[in-house]
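Below is one structure; the comments refer to it alone.
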Amino acid sequence: MLASMQQISVSPVFVGRDPELTDLTDALDRAGRGEPQTVLIGGEAGVGKTRLLEEFLRLADSRGVLTTDGGCLEVGAEGLPYAPLATALRRLHRCLGTELESAAAGMEGHLARLLPDFGEADGEPNDEYGRARLFEHTARLFERLGTDRTFVLAVEDLHWSDRSTRELFAYLVRTLHRARVLLVATYRTDDLHRRHPLRPFLAELERLRTVRRLELERFGPGEVAAQLAGILGTAAPDRALVERVHRRSEGNPFFVEELATALREGCSTGLTDSLRDILLVRVEALDEETQRVLRIAAEGGSNVEHALLAAVLEDEERLIGSLRAAVGANILRPAPDGDGYRFRHALVREAVSDDLLPGERHRINRRFAEALEAEPQLVGADARPARLANYWYHAHHPARALPTALDAARAARRRNAFAEQLRMLERALELWDEVPAEQLADTLRPYDWAETYPPCSCDAGRHDEDCDRLCRIDVLAEAVVAARRSGDRERGLSLAKRALQLVDETEHPARAAWFRINRARMLGHLRRSGDEAEIAYAHRLVEHLPPSAVQAEVFALGAGAGMLSNPRPELVALAERAARIAREVGAHTVEQHALMTLGGLRNDLDADPEAAVAQLTAAVEAARGLGAPDLLLRGLNNLASLLRGLGRAEQAAELAREGLDSARRNGLQRNIGTILSGNLAEALMDLGRIDEAELVLDEGDLTRPSGTHAEFLDRLRGELALLRGDLAGAAALLAQARAANRVGQIQHSVPISRLAVRTAALAGRPLEARAELLAALAQDFPCGYLADFFPLLVDGASSEADSRGLPEAEAGRAAVLARIVEVAARLTPTAPLHHGWARLLEGELARAEGADTPAHWAAAVEWLRPTGLPYPLALALLRAGEAEVLAGRRDAGVELLREARGLASVRGDAGLRAEVDALAERAGLAVVAGRPAPAVRAPAGDSFGLTPRERDVLRLLARGRTNRQIAEELYISPKTASVHVSNILGKLAVAGRGEAAALAHRLRLFPEDLAPAGR
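Position in the sequence shown counted from 1, then plus 4, gives you this note's numbering.
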C-alpha cells in the first residue's frame, strides 16, 4: 500500500450548496430530538453530491454525532447484497470496536449476514422470515447506536444499489420511529431511465412525511467563478475564462475541476468539446505503464484491493510506481478502508473502461478471475463469490461463469438476499446451453435448497449417482423460491411456468406438483384467481404417490385454502391426512400447519368450539418448540381469531399482542404482524377500548407494506368512523376495503358487507342497505363463520325494522325477511355470544313486523350479559328498555336505557347513544345522571330544532307524501311545502327526502304511525 502523499488538489472551497447544507443540518437537529429523518440527495453525475455529503458529515462529526457511510458498487457487484451497509458497519466496527459489539448483543447471529466480523451466522433457516429478522435486528442495532447520541448513516450511489440494499434501506426509513437516527442517500438522476428500479423506490419513500428529497442543480457563472478561484488560487479569475469554462462544463462542478486542472497544467486539450476527452485528459497525460494499470483497475471493480491488483499485474514494484502517479494526479484515491483503491469519480472509471477493446476487457477480467481463484484470500469472504462470478461472466467464459454464478447464488441465499440469489440463478440459466454436458456433470455444485422440492424423484432403491447431479429443473426450483421470497412473484410465476414446460409430470409428478403449489401461493399473494385450480391439479398428481413432504404440503395447502373459501367436511379428512403424512416423513412444520387448519375446520364444522380451541392451542405449543416464528405467528393469529369469534375477546387480545411482540422481535412485523394488528384492534373494539384499537391500527399502518391486508384494516377504520358518526368517512373506507378485497375471502367479505349495510341504514338509505344484505346472502352459503353471519343478519333485520311503515320500503320487505329467516335457520349457535346474536335476530325480525315484546329482548340480554362485551349488549339493552317503556314499566326501562347509554359511551358509539337520548326525550325519561327528566313529553323532532309546522311536514313526508300532497293536506302552497322540506333536510343533516323519512322511522319520531301489534 501507499503511504499518504501529496495529491493535486481539486476545489479547496465549498461552493454554492449552502441551502442544501442547511436542509441537512435541520434534518440532523430533528433527528437529535428523536424524530428520525431521511434525506435523499439527487443530481446528475459530477454535480457535487459526494462533496455536499462530505461537508455535512464533517460538520456532524464536529458536533459529536456518530457518522458512517458506505457506497453502492458500480461494477463487480452483481449478486453481492448489502454492500454499502456492510461497508458502513465495517467502518463503525473499526471506529467503535467493543461499543458496536455491545450494541449488537443478542443479535450477532443475524447481523453476521451483513458483516462477518460479528462472527458465525446463526443456523436459522434462510427464508423470507430470516430476511425479515435480519432487517429488524439491523434497525434495532441503529436504534441502540442512537440512544445516547445522534447517529447518521449515509449511503452513496443508490442508483447502483442491489435490491436487497434498497429494501433494507426502505425498511429502516419506515420502522425507525422514535430513534435519533438520520439516513442520507445520494443517487444520480441522469441514470434513472423510465424503467430503472430506483424510480418506484424513490416515489414510495417520498410519500412518507419523514423523507425529504433534495435535487442539486448545476452551477451558474458566479459559482463557477468561485470554484475556479479556489482551484487556480486567484482572487478573481479572468471573466472570459469563466465564461468559456462555464460554457464547456455547462455548470457541472466536476467538469469545471477537470477543465481547471488541465488549464493549470497547461494542457489545452482539456478544452475540447468531447466529454470523453475532458474525462481522459489527465489519464492520457500519464505514462503508458500507469495508463495500463488504470485500465486494469477500471475492470477490477468500484473498489479494487491492492493485493489483488498486485496478483494480476505480477510486478508489485512497477505497480507501486504507477499507483503513486495515478494517486498523485488525483485519478485514483486510496479506498476509505485503507486496503485498496477507487477512481476519484465514477465518470472517470467509466471513461477508462469504455476505452477498452472488447478482447482487452475479456482478458483483464479473466486475469482477475484466475488470480482470485488461485488466492481466494485476496478478497473478503462476503464479497468473494459474487466478485469471482462476475469476473468469469465478463471474461465470457461460460464453463466457469455458470458454476461460480451458482456458488454466488447460494452465498446470497445464506445472507437472506433473495433478489441477488435470483439474479445469479437466472444468469446460470442463461449460460446453461453454452456449457458442454460433461462440464455440467462435473463442475456444478450440488442442489442447494428449495423447501420441500424433491431434487430426486426416484423410487426407493433406484437412486444412483446421476440423481445427485444438478439439473436445469433444480436451478429453476431454486429460482422460483428466490423469486417468491424476494417478492417478485410475477417473475416466480413465469419461472414456474417455464419449469412445468420442462418437467415430465408422468415421470416426475411430485416435482410438477411442487411447482403447481408454488404457483398457487404466488397467485394468492397477487390476489388473482387460479390458485385453487393449481392446488387441485397438484392434488391429482400426488394423490396416489408414496408419502412425501411434497404430498403432505399439497394436502395441507388444499385444506387451508378450502377453510378460507368454503369449509366443508371432506377438508377435515384432508387436513388429518396431511398431518399424518408430514409426521411420517418428518416434515414437522407442515404437520403443525395442517393441525392448525384442522382446528379451524373443527370450529366451523363440528359445533364443538372447545375441541377446536384445544387443537389450536396444542399446535401453538408445538410451534414454540420447533423454533419456526412464522408457524408460531400463524397459530397465535388463528387462535386469537377463533377466540374472538367465540366472544372471548380478552383472551384474543392477549394472544394477538403476544403475536405482535413476537413479530417485532423476529422482524416479521411487516409480514404477518399486519394481520395480527388487525386482530388485536378488532378484539379491543369488541371490548370497548376504542382509543387503544385506533393506536394499534396507526402503528400497524407505519410498518405495513403498501396494500397488505388493506381490506381488513380499512374495514376496521370504517367501523371506527361509523362509531364516531362520520358516515362520509365510513363510506370512503368501505370503498377502499372493497377495492382491496379482490379475492373475496369470507372472513373479509361478510364483515365488509355488514359495514355496507350499517352505513347505508344509518345514512337513511334503507333500500341500499337491503340491496347490500341480499347481495351478501346471494352467494353460496358456507359452514361456519357464525360470528360474522349473525351480526350481518341482525343489522339487516334492524334496518328493515327501522324502515317499517316507509312506503318506498314496503315492496320486497316480506321477501327479504324470509331470506333472513332462511339463512338463520342454517346457523347453529355454539357459544353464548352466538346465542345472544340469535336472540337479537329474533327480536329484530319481530320488530320488523311490529310484534316484538320485552321477552324477546330480555332473552338476548340474558345471553349477552355474561360475555362482558359492551356490544351487542348495548343494542339489546336499548331495545329492552324501549319495550319496557312501551309496556308501561318506565322505571325498569330507565335502568336498562341508562346501562345501554353507559356502554355506548364507553365504546364511543355516537349513534346508539343518540338513539337512547332521542327515546328518553320522547318519553320524558331521565337516563343521564344529574339531568332531570323533561316535565312533559317533548314533541317529535324537538331535538333537531324543528318548528311545529316542520314537524307536520316531516310526518307527512315520512308517510311518503309528495310536496303537492303535503301542500294539499296542510293548506299551503307547494312552494312553501318545498321550503319546509329543504329546511327539514338541513336540520336533520340528511341528503334527501328518503333519508329524512328513514331517519324519522328509525328514531320513531312518530310512534303513533308505527303502533306495534300485540301491545
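Glycine residues also receive a C-beta, built at the ideal position from the N, C-alpha and C atoms. Remember, predicted model here, so these are calculated numbers, not experimental data.
Quiz item: Taking the Cβ atom as the reference point for each residue, do A3 and V754 lie within a distance shorter than 8 Å?
Solution: The requested residue 3 is not part of the displayed model; the chain covers only 5 to 1019.
Quiz item: Beta carbon of D690, beta carbon of A644: below 8 Å?
Solution: Not closer than 8 Å, so no.
Quiz item: Thinking just about the alpha-carbon of each residue, which of R117, L84, L104 and A891 is nearest to the one in R419?
Solution: Its Cα nearest to that of R419, the residue R117 stands out among R117, L84, L104 and A891.
Quiz item: How long is the line joining the alpha carbons of I539 and A403, rounded to whole angstroms?
Solution: Approximately 38 Å between the Cα atoms of the pair.
Exercise. Would you check if there are 3 or more beta carbon pairs closer than 8 Å linking the segment 285–300 to the segment 319–328?
Key: For the pair of segments examined, the segment 285–300 was found to touch the segment 319–328: the number of CB pairs separated by less than 8 Å reaches three.
Quiz item: Hey, quick one: how far does the alpha helix (DSSP H) through L245 stretch, first residue to last?
Solution: Counting along the chain, the alpha helix (DSSP H) containing L245 begins and ends at R243 to S253.
Exercise. State the Cα-Cα distance for the pair D610 and I521, rounded to the nearest angstrom.
Key: Each residue's Cα considered, the two are about 28 Å apart.
Practice problem: Would you mind listing the alpha helix (DSSP H) stretches within the segment 621–658 that are 4+ residues and don't spill past its ends, in chain order? | Solution: The alpha helix (DSSP H) runs of length 4 or more contained entirely in the segment 621–658 are, from start to end of the chain, 633–649.
Quiz item: On the premise that D799 lies in contact with N570, defined as a C-beta separation below 8 Å, what is that separation, rounded to the nearest angstrom?
Solution: About 23 Å separates the two Cβ atoms, so there is no contact after all.
Quiz item: Which of helix, strand or coil does DSSP assign to A125?
Solution: Judged by DSSP in its simplified three-state form, A125 adopts coil rather than helix or strand.
Self-check item: Neighbourhood of D718 by C-beta distance below 7 Å, restricted to the same chain and skipping five residues each side
Solution: Excluding residues within five positions, the ones whose Cβ falls inside 7 Å are L737, Q740, A741 and A744.
Quiz item: What are the complete alpha helix (DSSP H) segments, minimum 4 residues, inside the segment 835–900?
Solution: Given a length threshold of 4 residues, each whole run of the alpha helix (DSSP H) inside the segment 835–900 is given here in chain order: 836–852, 858–868 and 874–890.
Self-check item: Simplified DSSP assignment, three categories, for Q41
Solution: Strand, per DSSP.
Quiz item: When the Cβ atoms of the segment 435–444 are set against those of the segment 493–511, are three or more pairs found closer than 8 Å?
Solution: Contact between the segment 435–444 and the segment 493–511 is absent, because fewer than three Cβ pairs lie under 8 Å.
Quiz item: Does the count of Cβ pairs from the segment 522–532 and the segment 546–556 closer than 8 Å reach three?
Solution: Output reads no: the segment 546–556 does not touch the segment 522–532.
Quiz item: Along the chain, where does the beta strand (DSSP E) that runs through R217 open and close?
Solution: Looking at the DSSP string, the run of the beta strand (DSSP E) that includes R217 is V215 to E219.
Exercise. Please list the segments of the beta strand (DSSP E) lying wholly inside the segment 308–363, counting only runs of 3 or more residues, in order along the chain.
Key: If we require 3 residues or more, the beta strand (DSSP E) runs fully inside the segment 308–363 come out as 336–338 and 344–347.
Quiz item: Which residue from G83, A852 and A330 puts its Cα closest to that of L821?
Solution: By alpha-carbon distance to L821, the top candidate from G83, A852 and A330 is A852.
Self-check item: Coil, strand or helix - L275 by DSSP
Solution: With a pLDDT of only 40 at L275, under 50, the local geometry of the prediction cannot be trusted, and the value read off the model is given with reservation. Residue state, collapsed to three classes: helix.
Quiz item: Unbroken beta strand (DSSP E) runs of length 3 or more, entirely within the segment 85–129: which are they?
Solution: If we require 3 residues or more, the segment 85–129 turns out to have no beta strand (DSSP E) run fully inside it.
Quiz prompt | Bounding residues of the alpha helix (DSSP H) (the contiguous stretch that carries R192) | solution = Counting along the chain, R192 falls outside any alpha helix (DSSP H), though it belongs to the beta strand (DSSP E) covering V185 to R192.
Practice problem: Please confirm whether any heavy atom of the ligand MN lies closer than 7 Å to the CB of E776. | Solution: For the ligand MN, the structure offers nothing, since it holds no ligand at all.
Quiz item: Should the segment 24–36 be regarded as contacting the segment 165–174, the criterion being three or more beta carbon pairs within less than 8 Å?
Solution: In this structure the segment 24–36 does not lie against the segment 165–174, because fewer than three pairs of beta carbons, one per stretch, are closer than 8 Å.
Self-check item: For G46, the residue or residues it bridges with in DSSP
Solution: Y191 and E219.
Quiz item: If we call anything under 8 Å between Cβ atoms a contact, is E557 one with A767?
Solution: The Cβ atoms of E557 and A767 do not sit closer than 8 Å to each other.
Practice problem: Would you grab the beta carbon distance between R337 and R346 for me? Rounded to a whole angstrom, and I think it's under 8 Å. | Solution: The Cβ separation is near 6 Å, so the contact holds.
Quiz item: Among R167, N670, G20 and E105, which one has its Cα closest to the Cα of M428?
Solution: By alpha-carbon distance to M428, the top candidate from R167, N670, G20 and E105 is R167.
Practice problem: Provide the residue span of the beta strand (DSSP E) that contains P832, from first to last. | Solution: First, the amino acid is wrong: residue 832 is Thr here, not Pro. It is not in any beta strand (DSSP E) - T832 carries neither H nor E in the DSSP assignment.
Quiz item: Residues in its own chain within less than 7 Å of T966 by CB, not counting five upstream and five downstream?
Solution: Scanning its chain for C-beta atoms nearer than 7 Å, with the 5 sequence neighbours on each side dropped, one finds no residue around T966.
Exercise. Output the boundary residues of the beta strand (DSSP E) element that contains G74.
Key: For G74, the uninterrupted beta strand (DSSP E) segment begins and ends at L70 to G75.
Self-check item: Status (buried if at least 16 other CB within 10 Å, exposed otherwise) for Q555
Solution: It counts as buried.
Exercise. Can you say whether T265 is buried or exposed, counting buried as having 16 or more other CB atoms within 10 angstroms of its CB?
Key: By the neighbour-count rule (16 or more Cβ atoms within 10 Å), T265 is buried.
Practice problem: Taking 8 Å as the cut-off, decide whether the C-beta atoms of L115 and H97 are in contact. | Solution: Their beta carbons are not under 8 Å apart, which means L115 does not touch H97 by this criterion.
Exercise. Give every residue of the same chain whose Cβ lies closer than 7 Å to the Cβ of E696, excluding the five residues on either side of it in the sequence, and list them in chain order.
Key: When the five nearest sequence neighbours on each side are left out, the beta carbons in the same chain lying within less than 7 Å of the beta carbon of E696 are those of L688, in order along the chain.
Exercise. Report back the beta-carbon spacing between L602 and E580 to the nearest angstrom; my notes put them in contact at under 8 Å.
Key: Under the criterion of beta carbons closer than 8 Å, L602 and E580 qualify as touching, at roughly 6 Å.
Quiz prompt | Proximity below 8 Å, CB of L162 to CB of T190 | solution = Yes, Cβ-Cβ distance for L162 and T190 is below 8 Å.
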